[in-house]
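As they're listed, the protein sequences go chains Y and S. With the first letter of the first sequence counted as 1, position 32 gets the number 32 in our numbering; the numbers rise by one all the way through. With the first letter of the second sequence counted as 1, position 105 gets the number 1105 in our numbering; the numbers rise by one all the way through. Even glycine gets a Cβ: it sits at the ideal position worked out from N, Cα and C. Taking it in order: structure first as structure tokens, then the write-up.
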Amino acid sequence: MTASTRSQSALGQSVELENIRKSYGQTEVLKGISLHVAPGRFCTFLGASGSGKSTLLKILAGFEKPDSGLLKIGGRDMAGVPVRKRNIGMVFQNYALFPNMNVAQNIAFGLKTRKLDKAEIHRRVNEMLEMTGLQGLGTRLPTELSGGQQQRVALARALVIRPDLLLMDEPLGALDRAIRQSLQGQIKDIQRVFGITILFVTHDQEEALHLSDEIVVMKNGTIEQVGPPRTLYTRPASRFVGNFLGECNFLHLDGHDYAVRPEAIATGADTEGLDIHLEGEIRQITFLGPSQRFSVSVGDRNFTVTRPLRPNDEELAVGTRLRIGFRLADATRLASG
Amino acid sequence: MKWLSLPRPGRSLAILPMAMFLVLFFILPLLRLCLLSLSDPAGPFAAYLRLISVPAYRSGLLATFGIAGMVTVLSVVVSYPVAYLMASVGPRLAALLGLCVLLPFWTSSLVRTTAWIILLQRYGVINTLLLEAGLIRTPIAFIYNLSGVLIGMTHVLMPFVVLPLYGAFRGLDRGLLDAAESLGATPFTLYRRIILPLTARSAFAGAAIVFMSALGYYVTPALMGGARETMAAQLIAFNIEDQLDWPTASALSTVIIVVSLVIFAAAHILGGGKSLFGGSAPSTRGVSGTTSSPRRSALDWALATSAVPILVFLVMPILIIAPMSLGSSPFLSFPPRDLTLHWYRLIVTQSQWVYALWNSLAVAAIAVPGASLLGTFAAIGLDGLRGRLRAMTEILMVTPIITPAIALALGLYYEFAPLRLLSGHWGLGIGHIVLAAPLVFVSVRTSLSRFDPTLIQAAQALGAGGLRIGAQVLLPAITPGLAAGAIFAFITSFDEVIMSLFLTNVRSRTLPRLIYENVSEDINPTVAAVSTLIVFATLLILLMHVTIVRRRS
């Protein structure tokens, strides 16, 4: 695809990774990553620190070269294309706003490097300020902004260049919960309006579940599982994914391992007619507000069970015997032990 | 130590000794000097009018500002590559490069000037090499002209720009460069719009110090310049020694003091109210999630490569002095033949060198404890002040650093000569306290700025009295700053030459004065030998300092 058609298109570009490898000295950080992200998708790389997700983002942006493998953006091979020619928007963890420039100058930076004329720059900066709710803050310096505002400037600066791809590296990590949630909404809206492809790195599973069309769970430089949030949550392919996204019970039945979510397990009378029945003793009860969580020991196994709290429910005490059960269809058979 | 447990206003009393000392031996003498400039028999402003109407003074002042300006620009230009290289290489190499900058920085400016003369004189090292290589037919006149002054002064002063600039480069958030690059910036744009703007403030602060110091320079222009490079300090000395024209000398002093103060104030205001010598808190290194291994552009390589000749320029005089001191020829010929320790033996046997060393140490024995006590107490006392009063006090405490030493020397000479303080060590000792106490003050204050004041409250809550708090809580916290400050104080006193020229006589003259007298007559291998010893002493002191800094962090 040529440069001219790309810049006219409102849609984001596809991303293809083929067997990407990267080592630092003796440590292999990426062990052959292959992935295809369709245009306009919101794809999140989720993993603990050291899983390789940030390195992957650096390779996508061009800050690092892969040792081997193929990277295509919009069908174009990126090997040898320097960072500044990739037309990628990037939002950094600490925002990396230029402290010597005000908000408008920060946003205009990428337009000036593209040698747009003054009137066009002015128009697009103002449009962007409005879209990100930063009207009237154009002449402020980054240090005079709140964390949430800085984040929006970083987003505006990355989007104003109409990138083929938006990379976001834990962009909300430094913000408190309320601002984070409102910004998550804003990022979703912006993605819908621009139809842009977003690759988002986070270690926050809740954030990943809220935002993504697709989640890539990473572990030790490999992809553990890829899929829409709902699939990943309800059908984890491995113990790792089950544990990483929410809580999970694992049990061995008929020679296979199964994963069952705590909320898929019923208690007491609700267990009538379910496939699997067990009986155990309540070890701990945690009140969560809308629900409560029971830790139930069955033999030498512990089960975590969450049940919605109805006002009329009988109050159970620690030490009481409790019947629990679930449908086999609600459990996921894991690929291997 | 009761005042430690006093409330803030009480603690501020600790400032008083240094404040009173500075009023007595710094502000009053300088004010007297200003008044003296108005006491010309021909009328109150006659001395100033003379500075404009007499061509020698007019051109001398123009030369002073011109040379100071050129040295400042040169220092900034050559500092950028060095600071960039230091900040870009690994920690080991950075430490080595740091030594290349710091060793000349701490070596007596007189020793360095001596080395430059040995290198650059008509049949000096460089001309000899060029002649033998057949590159030139007749020796190039490097010194006793403008190039000599610029080489000598830039060499002495450029570390004042390199060091803050190095800090700025270190503090530069790599993430900002990544961000700019992702937005399409070329290497040139990176420098023009990100790197230069973000390091300019540090370069500017360094440049201000260079310019102010250059205004009062005496030794380098006197020894390495020609008649056309006669600077204000030389004119001042000439008026006192040869003409006994106090009003003119005072007027010249007043002019360079006022210009220095104006520049200091301008730098202070432009620096956002941060003092030039403000705590030097290490700039927090930007933490960016995607900080990547740096990719070097051709521009980066060019900048780094151009640092190499500048580093050679920095260390060359330090390295050349030792071999030259071992040659048997009394004319310092290069390369040195017939290695001998003859000149070192001469130092020990000629009583003048031993006496001068003794005098220097005696003066340091007054200056170092005096400066350490006054500076430390003042730094602790500063904590008791708030707001504008604190800012004003801070400025007063560091003003002696930026005041041209020649003016202070003159002011003290005027006060001390009638009191017969010049034949002993006390006159110069007091002068050195004025110069060195601010260094201790700045150094201890930096230590204190990292000190958590609630520790004092915690100690009080645990029942500790003032003495115990002082000895067990505060003293350990400020010891590194105090030690570093005392080292600065010693080096300052031991290297200082301008005050010694005024405040000592033949009997009480110090080592720097004796070197100066030797070099200005005829440079000889004995001076090279003495200089070599001083370089080694400096290296030793520097290593001491490095270990202290390492323990501090």
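Within 7 Å of the CB of residue 32/Y, no CB atom of chain S is found; the nearest one sits about 21 Å away. One alpha carbon belongs to residue 224/Y, the other to residue 334/Y, and they sit about 13 Å apart. For residue 1152/S and residue 1373/S, the gap between their C-alpha atoms comes out near 34 Å.
When DSSP states are grouped into helix, strand and coil, residue 54/Y belongs to the helix group. When beta bridges are read from the DSSP output, residue 1468/S appears opposite no residue. Using a Cβ-Cβ cut-off of 8 Å, residue 161/Y is close to 1183 and 1184 of chain S, given in chain order. In the three-state reduction of the DSSP assignment, residue 1151/S falls in the helix class. Counting along the chain, the unbroken alpha helix (DSSP H) around residue 1058/S starts and ends at 1055-1088.
Within chain Y, not a single residue places a beta-carbon under 7 Å from that of residue 1199/S; the smallest gap is close to 10 Å. Taking C-alpha positions only, residue 105/Y is separated from residue 1161/S by approximately 29 Å. By the Cβ-count criterion, residue 1495/S is buried, with 16 or more other Cβ atoms from all chains shown falling within 10 Å of its own Cβ.
In this chain, residue 1452/S is not harboured by any alpha helix (DSSP H), its DSSP state being neither H nor E.
DSSP places residue 257/Y outside any alpha helix (DSSP H); the residue lies instead in the beta strand (DSSP E), whose first and last residues are 256-260. Residue 24/Y is bridged by DSSP to 27/Y.
The contact set of residue 1176/S on chain Y, defined by CB atoms closer than 7 Å, consists of 96 and 98 in chain order.
Within its own chain, the residues whose Cβ lies closer than 6 Å to the Cβ of residue 35/Y, once the five positions on either side in sequence are excluded, are 17, listed in chain order. Under the Cβ criterion of 9 Å, residue 93/Y is counted among the residues facing chain S.
For residue 244/Y, the enclosing alpha helix (DSSP H) begins and ends at 239-244. Here the segment 56-70 of chain Y does not lie against the segment 116-126 of chain Y, with fewer than 3 beta-carbon pairs under 8 Å apart. With respect to residue 239/Y, residue 254/Y sits apart: the two C-beta atoms are not nearer than 9 Å. With contacts defined as CB atoms closer than 9 Å, residue 129/Y and residue 156/Y qualify as a contacting pair. Residue 247/Y holds the alpha-carbon nearest to the alpha-carbon of residue 263/Y among 171/Y, 139/Y and 247/Y. Residues of the segment 101-117 of chain Y with a C-beta less than 7 Å from any C-beta of chain S: 109, 110, 113 and 114, listed in chain order. Burial is judged here by how many other beta carbons sit within 10 angstroms of a residue's own beta carbon; residue 1229/S has at least 16 and is buried. When secondary structure is reduced to three states using DSSP, residue 308/Y falls in the strand class. Three or more beta-carbon pairs separated by less than 8 Å are not found between the segment 192-208 of chain Y and the segment 20-33 of chain Y, which leaves the two stretches without contact. Among the residues of chain S, none has a CB under 8 Å from the CB of residue 293/Y; the nearest is roughly 33 Å distant. The Cβ-Cβ distance between residue 1375/S and residue 1485/S falls below 9 Å. Residue 157/Y belongs to the set of residues whose beta carbon lies under 9 Å from a beta carbon in chain S.
In this structure, residue 1503/S and residue 1361/S do not form a Cβ contact; the two beta carbons are roughly 16 Å apart against a cut-off of 8 Å. The alpha helix (DSSP H) runs of length 4 or more contained entirely in the segment 1297-1356 of chain S are, from start to end of the chain, 1298-1325 and 1342-1349. Residue pairing from DSSP leaves residue 1474/S without any beta-bridge partner. Bounds of the beta strand (DSSP E) holding residue 169/Y are 165-169.
When DSSP states are grouped into helix, strand and coil, residue 1242/S belongs to the helix group. With 16 or more other CB atoms across the displayed protein chains lying within 10 angstroms of its CB, residue 30/Y is buried. Along the segment 1150-1177 of chain S, going in chain order, the ones with a CB nearer than 8 Å to a CB of chain Y are 1173, 1175 and 1176.
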